[in-house]
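Asker: One structure, pasted below without further comment.
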Amino acid sequence: MKGTVMKKWIVLISILVLGTAVEAVEIDLTGAVVSNNQKMMTSRYMGFVKNMAVSEGDIVKKGQLLYEIDSKEIEAAERQVDLAISQARLALQMNKNQLNNVLKNLARHKRLYAKKMVSKYEVENLELMAKNLRDMVKIAQEQVKQAEAKKQEVLNQYNYLKIKAPNDGVIVAKKLNEGEMAIPGMPAVILTDLSKLEIVAEISETQLPYINLGKEVEVEIPSLGLKTTGKIVSIIPNSNPMTHKFKIKVKFDNKGKSVYPGMYAKIHIKA
297 MKGTVMKKWI VLISILVLGT AVEAVEIDLT GAVVSNNQKM MTSRYMGFVK
347 NMAVSEGDIV KKGQLLYEID SKEIEAAERQ VDLAISQARL ALQMNKNQLN
397 NVLKNLARHK RLYAKKMVSK YEVENLELMA KNLRDMVKIA QEQVKQAEAK
447 KQEVLNQYNY LKIKAPNDGV IVAKKLNEGE MAIPGMPAVI LTDLSKLEIV
497 AEISETQLPY INLGKEVEVE IPSLGLKTTG KIVSIIPNSN PMTHKFKIKV
547 KFDNKGKSVY PGMYAKIHIK A
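Residue numbers for the sequence shown follow my numbering, beginning at 297 and rising by one.
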């Protein structure tokens, strides 16, 4: 009886040990450092690049000039709007002068009308002219305001001729050189944010059960001798379902090291 009980205990312990061994899965992955904030810088207006201020590999600060395009089109628009302002101001002054003359004439006719020296019809005509000219003055004043507002819009366009870095980062690609045409929507410079780095690695479908969002992992970047911790922040299905592969993204602590996109990285996962 004792022997039978002992055998049962041995079998139970063997099962527990075997189950523990099955659960203790370790996964080693290789991947690469990428930036989660890469920007393709382009200009709002078309023009020739007159100043390319950066080169590939340059580290830039937020607000730093990247490149500048010429301002010929905007200068032409500015000349047109200056002409429109001058014409609007001239029309305003002419209407004001005419209104002043009519008001003086109206005042004189009212005095004459009081003395029965002019007809009421003449006075009423002058009153109507004064009313119309007041309206013309208001319209001319509005036209001046609109022209001046248009001038401010044109002046604001000069700000868009200088393309500046929206954040700190590194220039990973430069598509244009000085003298070449910058076209709206076409990237001229690609800026990568070094403060938002992640590691991307590929896993197989069979490894997926041991992966979950928020799971802490061990990270190593051999070229820097950096060993640190990370956390899985994304699990991404492959666009080609026939590969049976998935991608994971891992955020990690760089411990103050100068880590760059493209660096080789290792990920160790204990399941």
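We put the beta carbon where it would ideally sit given N, CA and C, even for glycine.
How is L422 classed by DSSP in three states: helix, strand or coil?
Answerer: Taking the sequence shown and counting its residues from 1, one reaches residue 422 at position 126. Residue state, collapsed to three classes: helix.
Asker: Determine the direct distance from the alpha carbon of A443 to that of D549, and round the result to whole angstroms.
Answerer: Against the sequence shown, residue 549 aligns to sequence position 253. Against the sequence shown, residue 443 aligns to sequence position 147. Distance between the alpha carbons of D549 and A443: 55 Å.
Asker: Relative to the C-alpha of I499, which residue among R430, L451, I531 and A567 is closest?
Answerer: Counting from one through the sequence shown, the residue named residue 499 turns up at place 203. The shortest C-alpha separation from I499 is found at I531.
Asker: Please work out which residues of its chain come closer than 7 Å, Cβ to Cβ, to G359, disregarding the five sequence neighbours upstream and downstream, and give them in chain order.
Answerer: What you label residue 359 is simply residue 63 of the sequence shown in a count that begins at 1. Counting only Cβ-Cβ distances below 7 Å, and skipping sequence neighbours, we find K460 and A461.
Asker: Can you tell me whether K447 is helix, strand or coil according to DSSP?
Answerer: Taking the first residue of the sequence shown as 1, we reach residue 447 at position 151. Of the three classes helix, strand and coil, the one that applies to K447 here is helix, per DSSP.
Asker: Look at the alpha carbon of E369 and the alpha carbon of V466, and state the distance between them as a whole number of angstroms.
Answerer: Counting from one through the sequence shown, the residue named residue 369 turns up at place 73. Counting from one through the sequence shown, the residue named residue 466 turns up at place 170. Their backbone Cα atoms lie some 31 Å apart in a straight line.
Asker: For K471, which of V485, I479, K458 and G481 has the nearest alpha-carbon?
Answerer: Stepping through the sequence shown from its first residue, residue 471 is reached at position 175. Measuring from the Cα of K471, the nearest candidate turns out to be V485.
Asker: On a CA-only basis, which of K511, K551 and G521 is nearest K566? Give me that one, please.
Answerer: In the sequence shown, counting from the first residue as 1, residue 566 sits at position 270. Nearest of K511, K551 and G521 to K566, Cα basis: K511.
Asker: Please report the straight-line C-alpha distance between L399 and Q376, rounded to a whole angstrom.
Answerer: Numbered from its first residue, the sequence shown carries residue 399 at position 103. Numbered from its first residue, the sequence shown carries residue 376 at position 80. In a straight line, the C-alpha of L399 is about 35 Å away from that of Q376.
Asker: Where does the unbroken beta strand (DSSP E) through A497 begin, and where does it stop?
Answerer: On the sequence shown, residue 497 is found 201 positions in, with the first residue counted as 1. Note, A497: beta strand (DSSP E), L493 to S500.
Asker: What's the gap between the Cα of E371 and the Cα of N332?
Answerer: Here residue 371 is taken as the residue at index 75 of the sequence shown, counted from 1. Here residue 332 is taken as the residue at index 36 of the sequence shown, counted from 1. If I take the Cα positions, the gap works out to 38 Å.
Asker: Note down, in chain order, each residue of its chain lying with its Cβ closer than 6 Å to the Cβ of A384, except the 5 sequence neighbours on either side.
Answerer: As a working note, residue 384 is residue 88 in the sequence shown. Only Q439, V440 and A443 meet the Cβ criterion.
Asker: Which of helix, strand or coil does DSSP assign to S367?
Answerer: To locate residue 367, count along the sequence shown from 1; it is residue 71. Correct three-state label for S367: coil.
Asker: Hey, K543 and V513: beta-carbon distance below 7 Å or not?
Answerer: Here residue 543 refers to the residue found at position 247 when the sequence shown is read from its first residue. Here residue 513 refers to the residue found at position 217 when the sequence shown is read from its first residue. For K543 and V513, no; Cβs fall outside 7 Å.
Asker: What does I565 pair with, by DSSP beta-bridge criteria?
Answerer: The count along the sequence shown starts at 1 and reaches residue 565 at position 269. Answer is I323.
Asker: By DSSP, does P533 sit in helix, in strand, or in coil?
Answerer: The count along the sequence shown starts at 1 and reaches residue 533 at position 237. It is a strand residue.
Asker: Please name the residue in K545, N536 and P518 whose C-alpha comes closest to that of K527.
Answerer: Taking the first residue of the sequence shown as 1, we reach residue 527 at position 231. Among K545, N536 and P518, the Cα nearest to that of K527 is on K545.
Asker: If the criterion is Cβ atoms closer than 7 Å, does the pair Y454 and R340 meet it?
Answerer: The residue you call residue 454 lines up with position 158 of the sequence shown. The residue you call residue 340 lines up with position 44 of the sequence shown. Going by C-beta atoms, Y454 is not nearer than 7 Å to R340.
Asker: From what residue to what residue does the beta strand (DSSP E) around V466 run?
Answerer: Within the sequence shown, numbered from 1, the residue matching residue 466 stands at position 170. Segment G465 to K470, the beta strand (DSSP E) holding V466.
Asker: Taking V345 as part of the beta strand (DSSP E), name the residues at either end of that continuous run.
Answerer: Taking the first residue of the sequence shown as 1, we reach residue 345 at position 49. Residues G343 to M348.
Asker: If we ignore side chains and look at the alpha-carbon of each, how far apart do L504 and P533 end up?
Answerer: To locate residue 504, count along the sequence shown from 1; it is residue 208. To locate residue 533, count along the sequence shown from 1; it is residue 237. Straight-line Cα distance between these residues: approximately 11 Å.
Asker: Please list the terminal residues of the continuous beta strand (DSSP E) segment that includes Q503.
Answerer: Counted from its first residue, the sequence shown places residue 503 at position 207. That residue, Q503, is in no beta strand (DSSP E); it is neither H nor E in DSSP.
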